[in-house]
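J.: Protein chains in written order, with the working numbering: chain U, 1 to 474; chain H, 1001 to 1474.
There are 2 protein chains.
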Amino acid sequence: MFSGVVRSGSETAVVDDLRALVGDRVSTADAVLDQHGRDESSLPPAQPDAVVFPRTTEEVARIVEVCARNRVPIVPFGAGTSLEGHVLATAGGICLDMTQMDRIVRVSVPDLDVTVQAGVTRKALDERLRREGLFFPVDPGADATLGGMASTGASGTTTVRYGAMRDNVLGLQVVLADGRVVQTARRARKSSAGYDLTRLFVGSEGTLGVITEVTLRIYGVPDTIGGAVCSFPTIDAAVRAVITTLQLGIPVARIEFLDERAIEALNAHAGLDLAPSPMLFLEVHGSTDGVTEQMTEVGEIVTEFGATDYRSAIDPEERSRLWRARHDAFYASLALRPGSKAITTDVCVPISRLAECIVATRRDIEEHGLVTTMVGHVGDGNFHVMVLIDPDSAAELAAAEAFNARLVERALEMDGTCTGEHGIGLRKMPYLAKELPEGIEVMRQLKRTLDPHDIMNPGKMLGLEPDPSSAIGS
Amino acid sequence: MFSGVVRSGSETAVVDDLRALVGDRVSTADAVLDQHGRDESSLPPAQPDAVVFPRTTEEVARIVEVCARNRVPIVPFGAGTSLEGHVLATAGGICLDMTQMDRIVRVSVPDLDVTVQAGVTRKALDERLRREGLFFPVDPGADATLGGMASTGASGTTTVRYGAMRDNVLGLQVVLADGRVVQTARRARKSSAGYDLTRLFVGSEGTLGVITEVTLRIYGVPDTIGGAVCSFPTIDAAVRAVITTLQLGIPVARIEFLDERAIEALNAHAGLDLAPSPMLFLEVHGSTDGVTEQMTEVGEIVTEFGATDYRSAIDPEERSRLWRARHDAFYASLALRPGSKAITTDVCVPISRLAECIVATRRDIEEHGLVTTMVGHVGDGNFHVMVLIDPDSAAELAAAEAFNARLVERALEMDGTCTGEHGIGLRKMPYLAKELPEGIEVMRQLKRTLDPHDIMNPGKMLGLEPDPSSAIGS
């Protein structure tokens, strides 16, 4: 294997070749390798042998060619906010840090679309778009790169209204495992021209190629944004209020569930003063009249389901503060137990089964005495449990993993998925095989076709055996 | 080649094997072969050697195994409403008529989703859903099967609001070329579990497998539906009104353009009395107040762009009549020139280029003295020109094809696509290669992987050379 060879100090031909391509934008410094060997999961770090910082698609193609010639693994790296170990260099190799590919290539106001290099972050894009009265809605919480978000098939709080990355990527530029550069689609709003290569690469987690450019749908900032919060006597009541809201076709832009432990975490972390009971955070977008009408309708529904304190006249400042707190729920949860790490679950079930799934999961948490918080993009049927563990306790880690396994099993029994938005990465590989037993075989066929030597983020997603020919060939 | 062998009268082992599987649901009768050798394009018919009528996925799998063993082509057939020759059995083989797979397997009101066998038609589904106050929005005009609509990546008049098939298929059951049955996804609203197999098969035109079941998103019938029509002094003004409407985020459900020739056709065919000038047909969905507000806003916009006769207080009956007429535009156009056939174009361009594209196309039509009508799903940047030709005139056919080639060239120069919704089929193969020159190579790799002997709808989409091993092997 390549791993360790470069690090051992003797410059190999691979690093020399990469230096010839990009000069000093190659690093084998310990601090840099260390930084690129971690993500936000609780998985053990795994460093690459070198980190390269490309600036153009052309450079990426040349770097991939060097790696392909030498059968060296390539791990694309964005903001490093993966929760499933996608960016850990478990087979060593070259980490492609995409953050210097941070150019917003083109904004088209009349077409409501934008093309960005893969390393542009969500917040950087948002800042640029705000000037034009536009925004990009997909919001996974973290300030991830758009390339990373496309790679994991990210979604988030606004997916119930605006869709996930899958729905908002119009086209990609991708460098394949042999260095070919492919544009997956033209810029038309829709097309039936051949296989949907765009969506083949969205969610492929770097295992089929390196995404270098992303073309995205964007949206006009709504005239009016309304926010509301309310508390429920039970989780079940909260979820049933959500189902009714969606069935009536009320186009809520966000509808987020938080359990009482998550509310406690937010209160402590963000200095809020919310009642510690199951809550919904809501947002509606539209014209002033439309927002007022929707807020009233939602108010009637949640009251019917026992909400006690529906507050819809939230001013923009308080709304921002609430959503900022919601976005920080991950960090707020960690702060509930200082020094802890989190195992984060990500199941998504048909919404008719959501209340049942959440209630059974709560029972499981209590039976096993786990320390958790729970938040949910409940409009999509997706919720996360953060299990706070002592990272030095093997027993706690095992208990959390066993809990996650039971939760996935429960979701699959309900015809749901093991991952709504975090992806498979390293830890969910056995679950993908359970979820789509025939499908994973097709995925493996596709992977072997487009990456026959398994150099693109090897060892992730598909549970393939390592390619015996993969080794340093310099 | 298989073609001709069965038809010549001697029953081959293939047909015997198929009879053993499905009894008398195999036909080699001339009338049946003839009916299954045509679509709604102007392409010459091409009959299969036999037609089989499966009723279950299991039967389809067994039929495909027989064909695979004997290297016999398989052409799935739904309602036969393709406009690009998808269902023509140009290499002979077995036509799989899916129309007896017409069972609505499951309707879930709380989940707003439905699973249907591939042969269920759009109208049959609509009838079933209406009872529940639900509807499926994708509406290509023809009463196509849902399997066919998934296969061609269909869309239509409501795509601007509800998306295309790509956006509304939650999962598929597919029989692959070796008889494996694959479920592409679970029933969760969203998932990041591996490659997006669902969207790999949506739009694959039967070339990767046979779609046997489709799970779809469905929607609550809106409280209120508002309809409006208006005439414009110029095409350019009409298109610019559309762009402004979309930019302001007004969620129109339909926004259809018709040129004056299309209006003339509708007037004659449907007994309407519309002013023969460029028109928009609009529809908005929502609450009563929301619809009123949107209709007023749209009225202000179109008036600003010179619309002379904005009528928004259309009663439901007139609205139905107008949309029925719009849906029949294809047949109404044919009636403009009795005995004619139509060559239908299908480009889609970024909406910022749409007015320019349409105006240049009109100039081209006039310069070449073609008889045409034009309708457009202009909210998506997609429009169709129906060129009415004498089917016996090689010169007219050539002129129409040359016009289409120029139009595609124009669309590609504008970063658009050769097909917004009709698919590639037989006639657009050279254009796909121009549109996605690197992409088509990736598509060919995928096709060779999943269908190594090229038995699934061979000769379509990808311009592959026939597989020399494909022949009757009985």
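Backbone N, C-alpha and C define an ideal beta-carbon position, used for all residues, glycine too.
PRO1222/H versus chain U: which residues are under 9 Å apart at the beta carbon?
T.: The sequence position of residue 1222/H within the second sequence is 222, counting from 1. Residues of chain U passing the Cβ test: GLY249.
J.: How would you list, in chain order, the residues of chain U whose beta-carbon sits under 9 Å from the beta-carbon of VAL1182/H?
T.: Locating residue 1182/H in the second sequence gives position 182, counting from the first residue. Correct list: LEU436, GLU438, GLY439, GLU441, VAL442.
J.: Do we get a CB-CB distance below 8 Å when we pair GLY1226/H with the residues of chain U?
T.: If you number the second sequence from 1, residue 1226/H lands on position 226. No, GLY1226/H lies away from the interface with chain U (no Cβ there is under 8 Å from its Cβ).
J.: Taking CYS418/U as the query, report the chain H residues whose CB atoms sit under 8 Å from its CB, ordered along the chain.
T.: Working through the first sequence from its first residue, we reach residue 418/U at position 418. Chain H residues near CYS418/U: ALA1193.
J.: Look at GLY381/U and CYS418/U and say whether their C-beta atoms are less than 8 Å apart.
T.: Counted from its first residue, the first sequence places residue 381/U at position 381. Counted from its first residue, the first sequence places residue 418/U at position 418. No.
J.: What does CYS1348/H pair with, by DSSP beta-bridge criteria?
T.: For this step, residue 1348/H is matched to residue 348 along the second sequence. In the DSSP output, where bridge partners are listed per residue, CYS1348/H has ASN1382/H, THR1417/H.
J.: Run down chain H in chain order and give the residues with a C-beta less than 8 Å from the C-beta of MET461/U.
T.: For the purposes of this step, residue 461/U is identified with residue 461 of the first sequence, where counting begins at 1. Correct list: GLY1194.
J.: Could you tell me if LYS1190/H is buried or exposed, where buried requires 16 or more neighbouring beta carbons within 10 angstroms of its beta carbon?
T.: The residue labelled residue 1190/H in the question sits at position 190 within the second sequence. LYS1190/H is buried by the Cβ-count criterion.
J.: So what's ALA1475/H in DSSP terms, helix, strand or just coil?
T.: The structure shown does not extend to residue 1475/H, since chain H is modelled only from 1001 to 1474, so the question has no answer here.
J.: So, are the CB atoms of PRO1501/H and ALA188/U less than 8 Å apart?
T.: There is simply no residue 1501/H to check, as chain H begins at 1001 and stops at 1474 in what is shown.
J.: Are the CB atoms of PRO278/U and ILE235/U nearer to each other than 8 Å?
T.: For the purposes of this step, residue 278/U is taken as the residue at position 278 of the first sequence. For the purposes of this step, residue 235/U is taken as the residue at position 235 of the first sequence. Yes, the Cβ-Cβ distance between PRO278/U and ILE235/U is below 8 Å.
J.: Between PRO1140/H, THR1145/H, ARG1106/H, which has its C-alpha nearest THR1121/H's C-alpha?
T.: Taking the first residue of the second sequence as 1, we reach residue 1121/H at position 121. Closest option to THR1121/H, Cα to Cα, is THR1145/H.
J.: Can you list the residues of chain H that GLN117/U reaches, using a CB-CB cut of under 8 Å?
T.: Against the first sequence, residue 117/U aligns to sequence position 117. None at all; the shortest Cβ gap to chain H is about 18 Å.
J.: Quick check: what's the CA-CA separation for GLY203/U versus MET165/U?
T.: In the first sequence, residue 203/U corresponds to position 203, counting from 1. In the first sequence, residue 165/U corresponds to position 165, counting from 1. Looking at the two C-alpha atoms, the distance is approximately 9 Å.
J.: Is there a C-beta anywhere in chain H that falls below 8 Å from the one on THR296/U?
T.: For the purposes of this step, residue 296/U is taken as the residue at position 296 of the first sequence. For THR296/U, the answer is no, since every Cβ of chain H falls outside 8 Å of its Cβ.
J.: Can you list, in chain order, the residues of its chain with a C-beta nearer than 6 Å to that of ASP97/U? Leave out the 5 residues immediately preceding and following it.
T.: For this step, residue 97/U is matched to residue 97 along the first sequence. Excluding sequence neighbours, ASP97/U sits near VAL51, PHE53, PHE77.
J.: Just tell me which of LEU280/U, SER41/U, PRO140/U, LEU125/U has its CA closest to the CA of LEU134/U.
T.: For the purposes of this step, residue 134/U is taken as residue 134 along the first sequence, with counting starting at 1. Nearest option by C-alpha distance: LEU125/U.
J.: According to DSSP, is MET374/U part of a helix, a strand, or is it coil?
T.: Within the first sequence, numbered from 1, the residue matching residue 374/U stands at position 374. Residue state, collapsed to three classes: strand.
J.: Who are the near neighbours of VAL1302/H in its chain, counting only those whose CB is closer than 6 Å to its CB and skipping five residues on each side?
T.: Taking the second sequence and counting its residues from 1, the one referred to as residue 1302/H is at position 302. These residues qualify, in order along the chain: CYS1230, ALA1241, TYR1310.
J.: Go ahead and label GLY1271/H buried or exposed: buried means 16 or more other beta carbons lie within 10 angstroms of its beta carbon, across all protein chains shown.
T.: Within the second sequence, the letter at position 271 stands for residue 1271/H. Exposed, since its Cβ has fewer than 16 Cβ neighbours within 10 Å.
J.: According to DSSP, simplified to helix, strand and coil, what is MET1461/H?
T.: Counting from 1 along the second sequence, the entry for residue 1461/H is found at position 461. Coil, per DSSP.
J.: Where ALA1355/H and ASP1259/H are concerned, what is the direct C-alpha to C-alpha distance, given to the nearest angstrom?
T.: Mapped onto the second sequence, residue 1355/H falls at position 355. Mapped onto the second sequence, residue 1259/H falls at position 259. Whole-angstrom Cα-Cα distance: 13 Å.
J.: Going by C-alpha to C-alpha distance, which of ALA253/U, ARG363/U, THR372/U, LEU216/U sits closest to ALA118/U?
T.: Here residue 118/U corresponds to residue number 118 of the first sequence, with the count starting at 1. Selected option, being the one with the closest Cα: LEU216/U.
J.: Beta-carbon of TYR1162/H versus every beta-carbon of chain U: anything under 8 Å?
T.: Within the second sequence, numbered from 1, the residue matching residue 1162/H stands at position 162. For TYR1162/H, the answer is no, since every Cβ of chain U falls outside 8 Å of its Cβ.
J.: Going residue by residue through the stretch 1264 to 1326 of chain H, where are the continuous alpha helix (DSSP H) segments of at least 4 residues, counting only ones entirely within it?
T.: Runs of the alpha helix (DSSP H) inside the stretch 1264 to 1326 of chain H: 1288 to 1304.
J.: Using three-state DSSP, classify LEU88/U as helix, strand or coil.
T.: Residue numbering aside, residue 88/U sits at position 88 when the first sequence is read from its first letter. Coil at LEU88/U, not helix or strand.
J.: Could you tell me which chain H residues have their CB closer than 8 Å to the CB of GLU293/U, listed as they occur along the chain?
T.: Position 293 of the first sequence, counting from 1, holds the residue named residue 293/U. The answer, in chain order, is SER1287, ASP1289, GLY1290.
J.: List in chain order: all unbroken alpha helix (DSSP H) runs of 4+ residues lying wholly within the stretch 206 to 252 of chain U.
T.: Counting whole runs of 4 or more residues, the stretch 206 to 252 of chain U contains the alpha helix (DSSP H) stretches 235 to 247.
J.: Would GLY1092/H and PRO1048/H qualify as a contact pair, given that the criterion is a beta-carbon distance under 8 Å?
T.: On the second sequence, position 92 is the one that residue 1092/H refers to. On the second sequence, position 48 is the one that residue 1048/H refers to. Yes, these two residues count as a Cβ contact at 8 Å.
J.: Applying the 10 Å Cβ sphere with the 16-neighbour rule, what's the burial state of SER41/U?
T.: Position 41 of the first sequence, counting from 1, holds the residue named residue 41/U. Burial call: buried.
J.: Cα-Cα, which of ALA1400/H, GLU1256/H, VAL1442/H is closest to ARG1427/H?
T.: What you label residue 1427/H is simply residue 427 of the second sequence in a count that begins at 1. ARG1427/H has its Cα closest to that of ALA1400/H, out of ALA1400/H, GLU1256/H, VAL1442/H.
J.: Going by the beta-carbon positions, is the gap between ARG128/U and ILE104/U smaller than 8 Å?
T.: The residue you call residue 128/U lines up with position 128 of the first sequence. The residue you call residue 104/U lines up with position 104 of the first sequence. Yes, Cβ-Cβ distance for ARG128/U and ILE104/U is below 8 Å.
J.: With a threshold of 8 Å between beta-carbons, can GLY1381/H be considered close to chain U, or not?
T.: Within the second sequence, residue 1381/H is the residue found at index 381, counting from 1. Yes, GLY1381/H lies at the interface with chain U (some Cβ there is under 8 Å from its Cβ).
J.: What residues in the stretch 1203 to 1219 of chain H bring their beta carbon closer than 8 Å to a beta carbon of chain U?
T.: The residues in question are GLY1203, SER1204, LEU1208, TYR1219.
J.: Output the distance between the C-alpha atoms of THR1157/H and GLY1420/H, rounded to the nearest integer angstrom.
T.: In the second sequence, counting from the first residue as 1, residue 1157/H sits at position 157. In the second sequence, counting from the first residue as 1, residue 1420/H sits at position 420. Taking the straight line from one Cα to the other gives about 12 Å.
J.: Any chance you could list the beta strand (DSSP E) runs of at least 3 consecutive residues sitting entirely within the stretch 50 to 98 of chain U, in chain order?
T.: Complete beta strand (DSSP E) runs here, min 3: 50 to 52, 74 to 77, 94 to 97.
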